[in-house]
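Residue numbers (the working numbering): 356 to 797.
Note that beta-carbon positions come from the ideal geometry of N, C-alpha and C, so glycine has one too.
For reference, the structure discussed in these notes is given below.
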Ligand SMILES: [Zn+2]
């Protein structure tokens, strides 16, 4: 089999350096305000039932918007105006996909529809011209044998009643879109230029670009998204970057993970990664505990803490190197498409003394999770958090309750004996799959 390379998008960021002057920020705010206005106009004009036919491929909308004269009257450069148009059209299209999915679900679960009626409705929803015609109350006139098929199906049902039902359903689920967010905008390539360690952006004033210094010297040539923060005097640029993934079709497994303090990860197959995690973690915790005790004892002598912090940093960095290597090894070995992991419980209350140790280890757990999340994003692996309550006490074979003894889970119903974390990982996988079910059924 040939190895297909898939292109995924990763967003990289750029940041303004120093404060953006208030007069420049005002110009950016004007653009953001107009951008928001254009989006709302698109929502209003093309968000309804009767505009469905105009949405694909979208050039009709683009032409109509050009002819509307709105761009001229706003004085908004084309590099922003058309981004707003397509940005809003994207939202309208997602709203339609959502609506279709909801309507299909209603048809599936409607108790009074018979087999032929369901079939007729599904046919309409599949055939886009047909769907558009029915929504605008017309009799469909579609090409070739589709028309024949449609007429055969319609002859066997009460078409008028079913068409009405479909229109009602669509109206019920299709929501009116609106936005008040004027905190950013997208800009096409011709609306900006990189240079002088910054970016020049078009404004509403003809031929006047403002210059914003950036913290890095990278340059891109694609549509950018600019977020503005007028209070802080900052901007952020989001750039979607295409990344070629490697052998993505190998990554096809569904993996349940249990996260532990001794062993970092145990999979639902019982594989262990980060088996020495607990040793690294204990060394760090112990060092922090001793260091703090020593500090409290000698506080009046005002001891220097430089040595302590250097030692702590060394241990921490050894732990982090280990964590990263083990996450990589897990991903490369397990080749997951999707990972199910129990959500972190909220921090329980603890006594003063325990709190120190507890927070140190909690912080490291946060580190493990955030590194895992980042590495999954880079490889476009889906990471799904599952409900973690009682995940260690439920039997992964029969669902019964069990107890924990000497690191093993023992089911009181079916007598299953399994290492505690292995059992929990199996539960994570089955809870995760349950969670994903409604999505894959559609
Ligand atoms: Zn059991």
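Which of the three DSSP states is assigned to residue 483 in this structure? Numbered from 1 along the chain shown, position 128 holds the residue referred to as residue 483. Three-state DSSP puts residue 483 in a helix.
Residue of 462, 591, 393, 759 minimising C-alpha distance to residue 416: Looking up residue 416 in the chain shown gives position 61. Minimum Cα distance to residue 416 is reached at 393.
Below 8 Å, can you find three or more Cβ-Cβ pairs linking the stretch 574-589 to the stretch 372-388? yes
Can you find at least 3 beta carbon pairs, one from the stretch 456-467 and one from the stretch 426-444, that sit closer than 8 Å? no
Top-ranked residue by Cα proximity to residue 429, from 450, 696, 390: The residue given as residue 429 occupies position 74 in the chain shown. Minimum Cα distance to residue 429 is reached at 390.
Is the CB-CB distance between residue 785 and residue 747 below 8 Å? Counting from one through the chain shown, the residue named residue 785 turns up at place 430. Counting from one through the chain shown, the residue named residue 747 turns up at place 392. Contact: no.
Separation of residue 517 from residue 811, as counted between CA atoms: The requested residue 811 is not part of the displayed model; the chain covers only 356 to 797.
Would residue 596 be called buried (16 or more neighbouring beta carbons within 10 Å of its own) or exposed? Here residue 596 is taken as the residue at index 241 of the chain shown, counted from 1. Label assigned to residue 596: exposed.
Check the C-beta distance from residue 667 over to residue 642 and give it rounded, since I have them as a contact under 8 Å. As a first step, residue 667 must be located in the chain shown, where it is residue number 312. As a first step, residue 642 must be located in the chain shown, where it is residue number 287. Taking the Cβ atoms as the reference, residue 667 lies roughly 6 Å from residue 642, within the contact range of under 8 Å.
Runs of beta strand (DSSP E) wholly within the stretch 506-553 (minimum 3 residues, chain order): 539-542, 547-550
If I follow the unbroken alpha helix (DSSP H) through residue 757, where does it start and stop? What you label residue 757 is simply residue 402 of the chain shown in a count that begins at 1. Unbroken run through residue 757 is the beta strand (DSSP E), 757-760; no alpha helix (DSSP H).
For residue 579, which residues in the same chain have their Cβ closer than 6 Å to its Cβ, ignoring the five residues on either side in sequence? Taking the first residue of the chain shown as position 1, residue 579 is located at position 224. So the list reads 542, 592, 594, once near-sequence residues are dropped.
At which residues does the beta strand (DSSP E) containing residue 623 begin and terminate? Walking along the chain shown from the start, residue 623 turns up at place 268. Careful: residue 623 lies outside any beta strand (DSSP E) and carries neither H nor E.
Have a look at the DSSP bridge pairing and note the partners of residue 608. The count along the chain shown starts at 1 and reaches residue 608 at position 253. BP columns for residue 608 point to 691.
Applying the 10 Å Cβ sphere with the 16-neighbour rule, what's the burial state of residue 706? One-based indexing of the chain shown puts residue 706 at position 351. Any reading at residue 706 needs caution, since the residue's pLDDT is 45, under 50, leaving its predicted position unreliable; the model's value is listed next. Flag for residue 706 reads exposed.
Report buried or exposed for residue 782, applying the criterion of at least 16 other Cβ atoms within 10 angstroms of its Cβ. For the purposes of this step, residue 782 is taken as residue 427 along the chain shown, with counting starting at 1. Burial call: buried.
Is the closest heavy atom of ligand 1 to the C-beta of residue 773 under 7 Å? On the chain shown, position 418 is the one that residue 773 refers to. Closer than 7 Å to some heavy atom of ligand 1: that does not describe the Cβ of residue 773.
Using the Cβ count rule (16 or more neighbours within 10 Å means buried), how would you classify residue 613? Your numbering for residue 613 matches position 258 in the chain shown. By the neighbour-count rule (16 or more Cβ atoms within 10 Å), residue 613 is buried.
Thinking C-beta only, is residue 635 closer than 8 Å to residue 673? Within the chain shown, residue 673 is the residue found at index 318, counting from 1. Within the chain shown, residue 635 is the residue found at index 280, counting from 1. Cβ atoms of residue 673 and residue 635: closer than 8 Å.
Relative to ligand 1, is the shortest distance from any of its heavy atoms to the C-beta of residue 748 smaller than 7 Å? Within the chain shown, residue 748 is the residue found at index 393, counting from 1. False, no ligand heavy atom lies under 7 Å from that Cβ.
Buried or exposed: residue 697, going by 16 or more other Cβ atoms within 10 Å of its Cβ? Numbered from 1 along the chain shown, position 342 holds the residue referred to as residue 697. So residue 697 ends up on the buried side.
Closest by C-alpha distance to residue 618, when choosing among 522, 629, 624, 625: Here the question's residue 618 lines up with position 263 in the chain shown. Residue 629 is the option with its Cα nearest to residue 618.
Count the other CB atoms within 10 Å of the CB of residue 367; is the residue buried (16 or more) or exposed (fewer)? On the chain shown, residue 367 is found 12 positions in, with the first residue counted as 1. By the 10 Å Cβ count, residue 367 comes out exposed.
Heavy atom of ligand 1 within 7 Å of residue 732 beta-carbon: As a position in the chain shown, residue 732 is number 377, starting the count at 1. Remark: the shortest separation between the CB of residue 732 and any heavy atom of ligand 1 does not fall under 7 Å.
Is it buried or exposed for residue 435, if we count other Cβ within 10 angstroms and need 16 for buried? To locate residue 435, count along the chain shown from 1; it is residue 80. Buried, by the Cβ-count rule.
Tell me which residues share the same chain as residue 778 and place their Cβ nearer than 6 Å to its Cβ, disregarding the 5 neighbours each side in the sequence. Position 423 of the chain shown holds residue 778. Closer than 6 Å at the Cβ level, and outside the excluded window around residue 778, lie 751, 764.
Straight-line gap, residue 496 to residue 485 (C-alpha atoms, nearest Å): Sequence index remark: in the chain shown, residue 496 carries index 141 (1-based). Sequence index remark: in the chain shown, residue 485 carries index 130 (1-based). Cα-Cα distance, rounded: 7 Å.
Are there 16 or more other CB atoms within 10 angstroms of the CB of residue 622, so buried, or fewer, so exposed? Position 267 of the chain shown holds residue 622. Flag for residue 622 reads buried.
Do you know how far the Cα of residue 787 is from the Cα of residue 755? Here residue 755 refers to the residue found at position 400 of the chain shown. Here residue 787 refers to the residue found at position 432 of the chain shown. Near 18 Å, if we compare the C-alpha coordinates of residue 787 and residue 755.
For the beta strand (DSSP E) that contains residue 397, what are its first and last residues? Numbered from 1 along the chain shown, position 42 holds the residue referred to as residue 397. Counting along the chain, residue 397 falls outside any beta strand (DSSP E), though it belongs to the alpha helix (DSSP H) covering 377-401.
Got a sec, what are the start and stop residues for the alpha helix (DSSP H) residue 438 sits in? Along the chain shown, one-based indexing puts residue 438 at 83. Its alpha helix (DSSP H) spans residues 433-464.
Within the continuous alpha helix (DSSP H) that includes residue 429, where are the two ends? The count along the chain shown starts at 1 and reaches residue 429 at position 74. From DSSP, the alpha helix (DSSP H) with residue 429 extends over 425-429.
Give me the Cα-Cα distance between residue 808 and residue 743, rounded to the nearest whole angstrom. Only positions 356 to 797 of the chain appear in this structure, which leaves residue 808 out of reach.
For residue 366, three-class secondary structure by DSSP: Counting from one through the chain shown, the residue named residue 366 turns up at place 11. Reduced to three states, the DSSP call for residue 366 is strand.
Please name the residue or residues paired with residue 566 in a DSSP beta bridge. Counting from one through the chain shown, the residue named residue 566 turns up at place 211. Partner(s): 555.
Can you check which of these residues, 651, 433, 694, is closest to residue 790 by C-alpha distance? Along the chain shown, read from residue 1 onward, the residue named residue 790 stands at position 435. When only C-alpha atoms are compared, the closest one is 694.
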